[in-house]
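Take a look at the structure set out below.
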Amino acid sequence: MTETDSPRILQASLALSAYLLEAHDEESALRAVMRVGCDVIGADGCLFIPFDEFLQRLSPLEFGRVPALEAGLLSAPSQRQMCKVCEARRAGSECALLHMHPAGGFVYCVPLRARGREAGLFSFIFAAEPRVDEETEWFLAEAMRLVELALDARERDSLPLGSAMEYLEKTPALTEEMQSLLPQIELRAILGERTRLAREIHDGLAQTLAFLKIEIGRAEKFIAQGEHDRAARILKDSSRTISDAYLDARQAIENLRRAPDGRLETWLHQVADDFELLTGLPVEVDARLTSDFPPNLQVQMIRIVQEALTNIRRHAAASHVRLSAREEQGSLVIEVADDGRGFSPEEAVTAARFGLRGMRERAESIGADFQITSCPENGTTVRLHIPLHVGVKS
């Protein structure tokens, strides 16, 4: 099964995606799968048995009501190997994890791959024999794919690009070592950017499409029941949502199409022109720069500006936008301001809605300070401070 129409399963998949994005380490990512998986599959608890014996990056975990196991059993190489070679996806008391458990029970096992190898096994525990339908199997397969992406992305992001580049630039004596490390740093930068883009797609377009799929299913149901007025209202609202999603896709394509041509000032004007053409909103640009900046820093600065402009289009209901860039007191200051509806500090808590998390992560990756100020009915200003000693080409 490659997809599901169940709102419950789609919501669980989206919830798991959100938990994985917020996970601060590998254990919290694995526990998110165990928690959401138990809810969806109706399990009493879950065990995670890692297979990564040599690197030992993943630890054995327990969640919910699970059998009382001997201390260290899940860490024992013999138990790991037994689970690794077992071909039974579901089992009863004959399972090695349950055969000493007086209450018996059942397990349903789902293997996890990460970093190109078998990484472990999720064993969901049941008091009664489980009934796992196609939709649940689809969710479990999707959950394994999501946690694999999360684990891979966490390892790839372990070396921040800004820190590595700063180290290399400050260590001129290590010329040969620098040359050997540069391809690795470039690869990490590419993979890190892919991770950020995947997160932005999830927070935006993917959730919109999931919402539309559910709404169209509701409209079909109302049509079948003869409730055409209710179906028409849903379709009208969905049409507006599709229009917004189309603009999101167009703007994302324009954002990715632009590449640095050597001058940040020129690039800022191009981004403003693209936004005006897409939305019809006038953008006043005031860019007065004398310094040059490396392409990798320019890319992150521009992506923050583009995300700020996207937020204006989606949420601000503004009539005017101002984009400025100036050098003052040893820093480059970039501001994107609008005269729109603004928002309160309470609304800002939902950072994913406004893309604040992605902008802040990009700022941190280049050693910049990210600030946002807003007030209801008084517009919003996004401000970026980059120390010139970090950003300027030598």
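Each position in the sequence shown, counted from 1, maps to that position plus 836 in this note's numbering. Here a beta-carbon is modelled for each residue, glycine too, at the ideal position from N, C-alpha and C.
Helix, strand or coil for residue i? Go by DSSP, reduced to three states.
i: ARG1124; result: strand
i: ILE1202; result: coil
i: LEU846; result: helix
i: CYS882; result: strand
i: SER1235; result: Residue 1235 is absent from the structure shown; the chain starts at 837 and stops at 1230.
i: SER1210; result: strand
i: ALA868; result: helix
i: ALA927; result: strand
i: LEU1010; result: Note that LEU1010 scores 41 on pLDDT, short of 50, meaning its location in the model is unreliable; the coordinates nonetheless yield the value given after this. Note: LEU1010 maps to coil in three-state DSSP.
i: VAL1185; result: Per-residue confidence for VAL1185 stands at a pLDDT of 47, beneath the threshold of 50, marking its modelled position as unreliable; no derived number is given.
i: GLN915; result: helix
i: ALA854; result: helix
What whole-angstrom Cβ distance do residue i and residue j have, given they're in contact under 8 Å?
i: PHE1111; j: VAL1119; result: 6 Å
i: LEU905; j: GLY956; result: LEU905 to GLY956, Cβ: 16 Å. No contact.
i: ALA868; j: ALA859; result: 6 Å
i: ALA865; j: VAL983; result: 6 Å
i: LEU897; j: GLU863; result: 7 Å
i: VAL943; j: LEU934; result: 6 Å
i: PRO1223; j: GLY1178; result: Not confirmed; about 29 Å, so no contact.
i: ILE1052; j: SER1074; result: 6 Å
i: ASP846; j: ALA1046; result: The amino acid occupying residue 846 in the given sequence is Leu; Asp does not appear at that position. Indeed they touch by this definition, with Cβ atoms about 5 Å apart.
i: GLY881; j: VAL902; result: 4 Å
i: PHE958; j: PHE884; result: 6 Å
i: PRO886; j: ILE1050; result: The pair is not a contact, with the Cβ atoms about 36 Å apart (cut-off 8 Å).
i: ILE1070; j: ARG1054; result: 6 Å
i: ARG1149; j: THR1115; result: 5 Å
i: ASP1122; j: SER1155; result: About 18 Å; that fails the 8 Å criterion.
i: GLU1163; j: LEU1125; result: 6 Å
i: MET980; j: LEU948; result: 6 Å
i: GLN1134; j: LEU1100; result: 5 Å
i: LEU856; j: ALA950; result: Not quite, the Cβ-Cβ distance comes to about 13 Å (not below 8 Å), so this is no contact.
i: HIS1221; j: VAL1169; result: 6 Å
i: ILE1208; j: LEU1192; result: 7 Å
Assuming residue i is part of the beta strand (DSSP E), what are its boundary residues?
i: GLY900; result: 897 to 900
i: HIS1221; result: 1216 to 1223
i: ALA1173; result: 1167 to 1174
May I ask which residues mark the beginning and end of the alpha helix (DSSP H) holding residue i?
i: ILE1138; result: 1131 to 1147
i: HIS1105; result: 1100 to 1115
Compare the C-beta of residue i with all C-beta atoms of chain C and state if any pair is closer than 8 Å.
i: GLU1101; result: The displayed structure is made up of one protein chain only, and chain C is not part of it.
* Complete runs of the beta strand (DSSP E) confined to the stretch 943 to 988 [at least 3 residues] -> Those beta strand (DSSP E) runs which fall completely within the stretch 943 to 988 and span 3+ residues are 953 to 962.
* Should the stretch 1153 to 1173 be regarded as contacting the stretch 1215 to 1226, the criterion being three or more beta carbon pairs within less than 8 Å? -> yes
* **Stretch pair the stretch 1140 to 1148 + the stretch 1099 to 1113: three plus CB contacts closer than 8 Å** => Touching, yes, given that three or more Cβ pairs across the two stretches are closer than 8 Å.
* Segment contact, 8 Å Cβ cut-off, at least three pairs: the stretch 964 to 984 with the stretch 872 to 885 -> yes
* **Touching by the beta-carbon criterion (3+ pairs, under 8 Å), the stretch 861 to 874 and the stretch 971 to 986** => yes
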